[in-house]
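Q: Numbering (the working numbering), first residue to last: 494 to 715. From the three backbone atoms N, C-alpha and C, an ideal C-beta is built for every residue, glycine too.
Next up, the structure:
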């Protein structure tokens, strides 16, 4: 019997490795990349954030309901109408802005064809009659630049910025009137301020001054 027990103990110790070896082997296996647990998107986190935002609203509505159900529903209806009005107003504002920009770009589109400044001046007057004064100012500014270019017997380069025009004519008699145009456009177009009739009238005087200065330069050269 003692021989049998010794033989069984020998077989068990030979068949099974030591405990530390098993643990080390298990760690090595678990540390392999194919056994790594990758994080997944947990939708519960999103719902928790939404609930943290909405819970005070529901609590307020619940307290208001305890006071008066009619008052609670009245508040909900008023807030819903207000939300709809705000969304509609935002959509209408964007629509108007894009429509105005597209209309103006269509008027100012030059492409490869020649544009007569007289046509732009007439379009500017039409825009002023419609009380679209910022469009009138920009059309008149384009006509002014075209007239200057014609006096200099050169082509007006498409894509020239307003600031580039100011730098080009900073040492000429055109500098002051052009600065007025650029200031109005920067404030009333890019700054989205309201362009008034007096702004357009001031630009008309600047346009007249530039045309007069251009004629005087031509007469002096002659």
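Nearest by alpha-carbon distance to residue 655: which of 683, 615, 644 is it?
A: Within the chain shown, the letter at position 162 stands for residue 655. Answer by Cα proximity: 683.
Q: Reducing DSSP to helix, strand and coil, say where residue 625 ends up.
A: Walking along the chain shown from the start, residue 625 turns up at place 132. DSSP places residue 625 in coil when its eight states are reduced to three.
Q: Does the count of Cβ pairs from the segment 656-669 and the segment 699-710 closer than 8 Å reach three?
A: Judged by Cβ distances under 8 Å, the segment 656-669 makes contact with the segment 699-710, as three or more pairs qualify.
Q: Measure the alpha-carbon distance for residue 688 versus residue 623 and round it to whole angstroms.
A: If you number the chain shown from 1, residue 688 lands on position 195. If you number the chain shown from 1, residue 623 lands on position 130. In a straight line, the C-alpha of residue 688 is about 13 Å away from that of residue 623.
Q: Per DSSP, what kind of secondary structure is residue 646 in: helix, strand or coil?
A: Against the chain shown, residue 646 aligns to sequence position 153. In the structure shown, residue 646 sits in coil (DSSP, three-state: anything other than H, G, I, E or B).
Q: Note the first and the last residue of the continuous alpha helix (DSSP H) segment covering residue 676.
A: To locate residue 676, count along the chain shown from 1; it is residue 183. Where residue 676 is concerned, the enclosing alpha helix (DSSP H) stretches over 668-678.
Q: Who are the Cβ neighbours of residue 699 in its own chain at under 7 Å, not counting the five residues just before and after it?
A: Sequence index remark: in the chain shown, residue 699 carries index 206 (1-based). Closer than 7 Å at the Cβ level, and outside the excluded window around residue 699, lie 670, 673, 674.
Q: My output table needs one value for residue 609: the three-state DSSP class, helix, strand or coil.
A: Your numbering for residue 609 matches position 116 in the chain shown. Reduced to three states, the DSSP call for residue 609 is coil.
Q: In angstroms with no decimal places, state the Cα-to-Cα distance between residue 638 and residue 686.
A: Mapped onto the chain shown, residue 638 falls at position 145. Mapped onto the chain shown, residue 686 falls at position 193. Rounded to whole angstroms, residue 638 to residue 686 spans 24 Å at the Cα level.
Q: Is the CB-CB distance between residue 559 and residue 626 below 9 Å?
A: For the purposes of this step, residue 559 is taken as the residue at position 66 of the chain shown. For the purposes of this step, residue 626 is taken as the residue at position 133 of the chain shown. No, these two residues do not count as a Cβ contact at 9 Å.
Q: Quick one: grab the DSSP three-state call for residue 664.
A: In the chain shown, residue 664 corresponds to position 171, counting from 1. If DSSP states are grouped into helix, strand and coil, residue 664 belongs with coil.
Q: Going along the chain, which residues of its own chain have a beta-carbon closer than 6 Å to the beta-carbon of residue 703, five neighbours each way excluded?
A: As a working mapping, residue 703 is identified with position 210 in the chain shown. Correct list, in chain order: 637, 667, 670.
Q: Which residue from 697, 544, 582, 586 puts its Cα closest to that of residue 628?
A: Numbered from 1 along the chain shown, position 135 holds the residue referred to as residue 628. Cα-wise, what sits closest to residue 628 is 697.
Q: List, from N- to C-terminal side, the alpha helix (DSSP H) runs of 4 residues or more that fit wholly inside the segment 544-581.
A: Entirely contained in the segment 544-581, not one alpha helix (DSSP H) run reaches 4 residues.
Q: Throw me the rounded Cβ distance for the residue 632 and residue 620 pair, which I believe falls under 8 Å.
A: Locating residue 632 in the chain shown gives position 139, counting from the first residue. Locating residue 620 in the chain shown gives position 127, counting from the first residue. That belief holds up - the Cβ atoms of residue 632 and residue 620 are roughly 6 Å apart, short of 8 Å.
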